[in-house]
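J.: Below is one structure. I have some questions about it.
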Amino acid sequence: MAGPTDDPKRPRPTDNAVFRKEVLGGATEPTYGGILSFMRRRFQRDLAGIDVAVWGIPFDAAVSNRPGARFGPQGVRRASAIFDGDPQYPFQADPFENLAVVDYGDCSFDYARHGEIPACIEAQALDIIETGTMLCSIGGDHYVTWPLLKAHAAKHGPMALVHFDAHQDTWYDDEGRIDHGSFVARAVREGIIRPDRSIQIGIRTHAPDDCGIEILYGEDLETLSVAQVVERIRQRVGDAKAYITFDIDCLDPAYAPGTGTPVAGGPSSRQALMILRRLGFLDIVGCDLVEVAPAYDHADITSIAGATVVQHYLGLIAERKQGKAGR
0 MAGPTDDPKR PRPTDNAVFR KEVLGGATEP TYGGILSFMR RRFQRDLAGI
50 DVAVWGIPFD AAVSNRPGAR FGPQGVRRAS AIFDGDPQYP FQADPFENLA
100 VVDYGDCSFD YARHGEIPAC IEAQALDIIE TGTMLCSIGG DHYVTWPLLK
150 AHAAKHGPMA LVHFDAHQDT WYDDEGRIDH GSFVARAVRE GIIRPDRSIQ
200 IGIRTHAPDD CGIEILYGED LETLSVAQVV ERIRQRVGDA KAYITFDIDC
250 LDPAYAPGTG TPVAGGPSSR QALMILRRLG FLDIVGCDLV EVAPAYDHAD
300 ITSIAGATVV QHYLGLIAER KQGKAGR
C-alpha cells in the first residue's frame, strides 16, 4: 500500500497511478506532482477482482452551446489530486480500504466518425459492465449518457434515473441526431429507464415533455430542505436499480462556471453534495459526471466540484459494500 515511509530519503512514493503495487488503499504523494489518474488510482485494464472502474469519455460533439467538455476527464482527474490519502470527507473513512477501484483510462474512438462513436461508447462500456465491475464515467457532454444507459440496461434491465441537471434533456429527436438534449426522452421511449421511478433534480428550463418523470425545479431546492429532497428521491425510486447522472450545470454558475450551458438559479455545490451524500439507500448500478468544460473555468472551481461528485459516488458505493448504506 502506498504511503509515507520511515526513510527520510524516500518520504513519499510518487506516480502511484502507474507504479503502485496494490489496488486497495489510499495514495499519498504531492498533490501538485505525479502522473494524474482519478484520486491516484492505478491505471489498469485488468478488471479481475475490481469493484469500480473510473472511465473517461472525452466527447463533446453533441453540444448545443459551448464546446470543451472533451477536456472534462482531464480536468476532473487533475482536480481529484487534492484528495490525497486522507479519510474522505464527509464519509470519515478511506473508501479504498475495502473498495477496489482503478482508473480504466479513456474511451477510444475516431473523432472524425461521429456516427460510429455512440456504438464505440456502448460496446466498450458493456465490456466493462459484463465483468461485474461497476462503471463510473466522466464525460464529455451529456450525450454520452445515452450509450451508457443502453449498455447498463443490457445488463440490468430498465432502471430508475436519478438525474441532476439544469435541463430536462427530453427534447424529441428523430433518433438519427447526436444531441446532448434528448437522451432522456429517447431512453424513456425505448424502455431503458422507468419514468415512474425516475426523478430530475435542479431543473431550471422547460422542455415540451416531462416524459412522466418527476421534476424538482431549482426553486424547489430552496423551498424544500435537504432531508425533504432526499425523501422525495427515496419515495420515487424505491428499491429500483438506479443510474445516477450528474450534469455539472445542475450547480449555479457561481459554483460551476466551467460548463457549456450554464443556467442561473441553481443550488450551491454544498447543497447538491449534501443531497448526494444521503443517497446511500439507492441500489446504484452505474453513475456518471458530465459537462465539465475546463476552458471556461476559473481556478479549477468546476473541476473540483466534478471531482467531488465522483468522490461522493465512490464513498456511497464503498459504504454499501460494507453494509453501511441507507444514511
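In numbering that gives the first Met the number 0, the protein residues as written are 0 to 326. Virtual Cβ for every residue (Gly too), placed ideally from N, Cα, C.
If you draw a straight line from the alpha carbon of H162 to that of I247, how long is it in whole angstroms?
T.: Taking the straight line from one Cα to the other gives about 11 Å.
J.: Kindly indicate which residue of E290, G211, I303, G279 has the alpha-carbon position closest to the one of L313.
T.: Per the Cα distances, G279.
J.: Should M133 and D50 be called a contact, given that it needs their Cβ atoms to be closer than 9 Å?
T.: Cβ atoms of M133 and D50: closer than 9 Å.
J.: Expressed to the nearest angstrom, what Euclidean distance is found between the alpha-carbon atoms of A165 and T144?
T.: Spanning the two alpha carbons is a distance of roughly 15 Å.
J.: Pick helix, strand or coil for A16, following the three-state DSSP scheme.
T.: Here A16 sits in helix by DSSP.
J.: Where does A226 fall in DSSP's three states?
T.: A226 falls in the helix class under three-state DSSP.
J.: Reducing DSSP to helix, strand and coil, say where V289 ends up.
T.: In this structure, V289 counts as strand in the three-state DSSP scheme.
J.: If I'm right that G55 touches D105 with Cβ under 8 Å, what's the distance once you round it to whole angstroms?
T.: 4 Å between Cβ atoms; contact.
J.: Give the single residue among D93, K149, G257 whose Cα lies nearest to the Cα of I300.
T.: Per the Cα distances, G257.
J.: Grouping DSSP H, G and I as helix and E and B as strand, with all else coil, what is K240?
T.: Of the three classes helix, strand and coil, the one that applies to K240 here is strand, per DSSP.
J.: Note down, one range per segment and in chain order, each alpha helix (DSSP H) of at least 4 residues found wholly within the region 66-99.
T.: Runs of the alpha helix (DSSP H) inside the region 66-99: 71-79.
J.: Starting from F163 and walking both ways along the beta strand (DSSP E), at which residues does that stretch end?
T.: Element bounds for F163: 159-163.
J.: On the DSSP bridge assignment, give the partners of A52 in chain order.
T.: Its beta-bridge partners are V101, L134.
J.: Please decide whether I247 counts as near chain C, where near means a Cβ-Cβ distance under 9 Å.
T.: This model lacks chain C altogether; it includes just one protein chain.
J.: Specify, as a first and last residue, the run of the alpha helix (DSSP H) that Y312 falls within.
T.: Looking at the DSSP string, the run of the alpha helix (DSSP H) that includes Y312 is 300-320.
J.: Among the residues of its own chain, which have a CB less than 6 Å from the CB of W170, if the five just before and after it don't count?
T.: Correct list, in chain order: G180, S181, A206.
J.: Compute the minimum distance between the beta carbon of R276 and the heavy atoms of the ligand NAP, and state whether it is under 8 Å.
T.: What this structure holds is no ligand at all, so the ligand NAP is not there to describe.
J.: Which residues in the same chain have their Cβ closer than 6 Å to the Cβ of A61, if we skip the five residues on either side of it in sequence?
T.: Answer for A61: D140, Y142, I177, D178, H179, listed in chain order.
J.: Who pairs with D246 in a beta bridge, going by DSSP?
T.: Its beta-bridge partners are V289.
J.: What are the start and end residues of the alpha helix (DSSP H) that includes I274?
T.: Per DSSP, I274 belongs to the alpha helix (DSSP H) from 268-276.
J.: What residue from K320, D287, H311 has the CA that sits closest to P72's CA?
T.: Minimum Cα distance to P72 is reached at D287.
J.: What does the alpha-carbon distance come out to for the pair G190 and I198?
T.: Cα to Cα, G190 sits roughly 16 Å from I198.
J.: By the 10 Å Cβ neighbour count, where 16 or more other Cβ atoms means buried, how is A186 classified, buried or exposed?
T.: When all chains shown are included, A186 counts as buried.
J.: Tell me whether Q123 sits in a helix, a strand or coil according to DSSP, three-state version.
T.: Note: Q123 maps to helix in three-state DSSP.
J.: Within the same chain, show all residues whose beta-carbon is closer than 6 Å to that of V309, passing over the 5 residues directly before and after it, in chain order.
T.: These residues qualify, in order along the chain: L288.
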